[in-house]
Amino acid sequence: MNPFFTVLSAVYIFGIFFLADSPAASQIGEFNPYSLLHIPLYGVLTGLLLMAFASKPGTNFAYRYHLAAWTAVAVGLLDEYHQTFIPSREGSVGDVLLDILGVILLMILARRVSPALWLRPFQRQKK
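Here it is, written out as structure tokens:
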């Protein structure tokens, strides 16, 4: 695993859970244009996870690709579940669907961009 992107992914996930309890988040209604921010939020998370798993030796691109996607979906599900315990928030199936849409869009982008190009900066050079 790439240590830099692993730590960055963990900080990003912590930020998602921490900001769920912020006063600004509690003022956002059931569904509004701000709900669409779930799409890029989870797209970025998926990209970070894909890069975090990029340098794991002995695994192929398809494995890392699916691992990143399912991890991001799990974070989205856990975040919505977590919000059910916050007094000013509630979990939303619509938000989970927007999270999944963000994951899917990033994964389509990752597949369209050559895996070699996507992963090249994170692979170790052979000496």
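Counting in the numbering used here, the sequence shown tops out at residue 122, every number present.
Cβ coordinates follow ideal geometry from the N, Cα and C atoms, glycine included.
In this text the structure is predicted, and so the values were computed from the model without any measurement.
Here residue 86 carries a coil assignment [DSSP, helix/strand/coil]. Here residue 102 is not near residue 69, since their CB atoms are 9 Å or more apart. Between residue 34 and residue 74, the C-beta spacing is not below 9 Å. With a cutoff of 9 Å on beta-carbon distance, residue 40 and residue 98 are scored as near each other. At the C-beta level, residue 48 and residue -4 come within 9 Å of one another.
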